[in-house]
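The sequence shown runs 542 to 739 under this note's numbering.
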Amino acid sequence: MFYYLNGTVAVLESDLAVIDCGGVGYACYTTGNTLSRLRVGTMQMLYTHCNIKEDAFDIYGFATKEELNYFRLLLGVSGVGPKAAIAILSVLTPEQFALAVMTGDERALTQANGVGKKMAQRVLLELKDKLGAELTQTANLGGAVAPQTGGKLAEATSALAALGYSSAEIGAALRGVDTDALSVEEIVRSALRAAMKG
542 MFYYLNGTVA VLESDLAVID CGGVGYACYT TGNTLSRLRV GTMQMLYTHC NIKEDAFDIY
602 GFATKEELNY FRLLLGVSGV GPKAAIAILS VLTPEQFALA VMTGDERALT QANGVGKKMA
662 QRVLLELKDK LGAELTQTAN LGGAVAPQTG GKLAEATSAL AALGYSSAEI GAALRGVDTD
722 ALSVEEIVRS ALRAAMKG
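Right, here's the structure in full:
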């Protein structure tokens, strides 16, 4: 219903930001990551998702479209509601969330309040392919060409692209990494170590 809200930050609470738009205060449930960017009295635009039910009309607001997109992806996972999605995106930035999904890092997801092992496993199971395809498409559009062969190397490349590395940086970081012997998570970690040294 609302694409975004643009106004003055009137109130900040632990999981809520009130945005004053023309004298009307819109209560937006949000993540810790978005809250950390807001200051009372400043102008701010939040991308929104409206959750309308018979007994509620809740607005969720996010500082970036990327965070909003991941929130919506999480809502598509069976058993994950808005509170759990907000909790996950409060402890993980969009980049950290993408990396956790691509590398199967269940422990990263269970850091979120109210997210147990079973829910984390469902998120990983249901989003890995979907997120991998989305990140590969984003990487290709951005000039970072992911391998077309699929498998571990493609997943690692997509995860690194999601973290903001260019195709040249990814190629350099993966040079010398034994991709056959390592898991996707180990490939990404090795590449990140190489990128940091470079």
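Beta carbons: idealized from backbone N, C-alpha and C, even for Gly.
As the structure is a computational prediction, the values presented were derived from the model and not from experiment.
Every alpha helix (DSSP H) stretch that sits fully inside the region 593-649 and reaches 4 residues is listed by chain position as 606-616, 623-632, 635-644. Residues of the same chain with a CB within less than 7 Å of the CB of Thr644, apart from the 5 flanking positions on each side, are Ala700, Val725, Glu726, Val729 in chain order. In the DSSP assignment, Gly692 falls within the alpha helix (DSSP H) that extends over 692-703. Put simply, the backbone Cα of Val581 is about 34 Å away from that of Leu672. Under the 8 Å Cβ criterion, the region 581-596 does not count as touching the region 631-644, having fewer than three qualifying pairs.
Contact between Leu553 and Leu576 holds, with the beta-carbon distance rounding to 6 Å and staying under 8 Å. The continuous alpha helix (DSSP H) containing Leu576 extends over residues 573-576.
Residue pairing by DSSP places Gln585 opposite Gly548 in a beta bridge. Pairing Ile627 with Leu650 gives a Cβ-Cβ distance that is not under 8 Å. The beta carbons of Ala604 and Arg578 sit about 5 Å from each other, so the pair counts as a contact at 8 Å.
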